[in-house]
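Below is one structure; the comments refer to it alone.
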């Protein structure tokens, strides 16, 4: 297995730190903003859209910037030639690409929102369960405090009775 290295930082491309491979020159860089010079949002779009190809900065800067409008050098007219439709096809393809990306972004956004809603529902349920548990514990504490108070009163009452019975017993013993 060939280990690929990042062209920018010369470190290995790994599962933990994946990379991007240029679709033109096959140069690899880490899929992070520092090495790829892409934003996190752009990197996420590339990751979630397998049909999109990435090109490195060098390849992008070496793309010839030629005009799409061509003028033949010779003046011969081809009578059965039809208008070139490549330009329209490219426009349609670009439009379709934008629509596909937009659809993917919307789909990803919906999935993330659904995940967020599910998380909120889960935490809301957990919070409700904790509130119910706290109410039960509060009620149990109040019940135990009442029982404790009742037992303290009974104990005080018994101590008074025992004290009274001792005095009565002492009086009876004195009279004998």
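In this note's numbering, the protein residues as written are 4 to 179. Glycine residues also receive a C-beta, built at the ideal position from the N, C-alpha and C atoms. The structure displayed is predicted, hence computed values, not measured ones.
Asked                                                                                                                                                                         : Found
How should residue 33 be labelled, buried or exposed, when 16 other C-beta atoms within 10 angstroms of its C-beta is the threshold for buried?                               : buried
Per DSSP, residue 175 forms a beta bridge with which residues?                                                                                                                : DSSP, once it has assigned bridges, lists no residue as partnering residue 175.
Does DSSP put residue 159 in a helix, a strand or coil?                                                                                                                       : helix
Counting along the chain, where does the beta strand (DSSP E) carrying residue 201 start and finish?                                                                          : Summary: the structure shown does not reach residue 201, with the chain confined to residues 4 through 179, and so no result is reported for it.
Which partner residues of residue 15 appear in the DSSP bridge assignment?                                                                                                    : 8
Answer yes if the segment 58-67 comes into contact with the segment 99-118, meaning at least three C-beta pairs across the two stretches below 8 angstroms, and no otherwise. : no
Would you mind giving the Cβ-Cβ distance between residue 43 and residue 36, rounded to the nearest angstrom? I have them listed as a contact below 8 angstroms.               : 6 angstroms
Buried or exposed for residue 166, going by 16 or more other Cβ atoms inside 10 Å?                                                                                            : exposed
Determine the DSSP secondary structure at residue 28, reduced to helix, strand or coil.                                                                                       : coil
Roughly how many angstroms separate the alpha carbons of residue 146 and residue 129, rounded to a whole number?                                                              : 25 angstroms
Can you give the beta carbon distance from residue 57 to residue 23, rounded, assuming they're within the 8 angstroms contact cut?                                            : 5 angstroms
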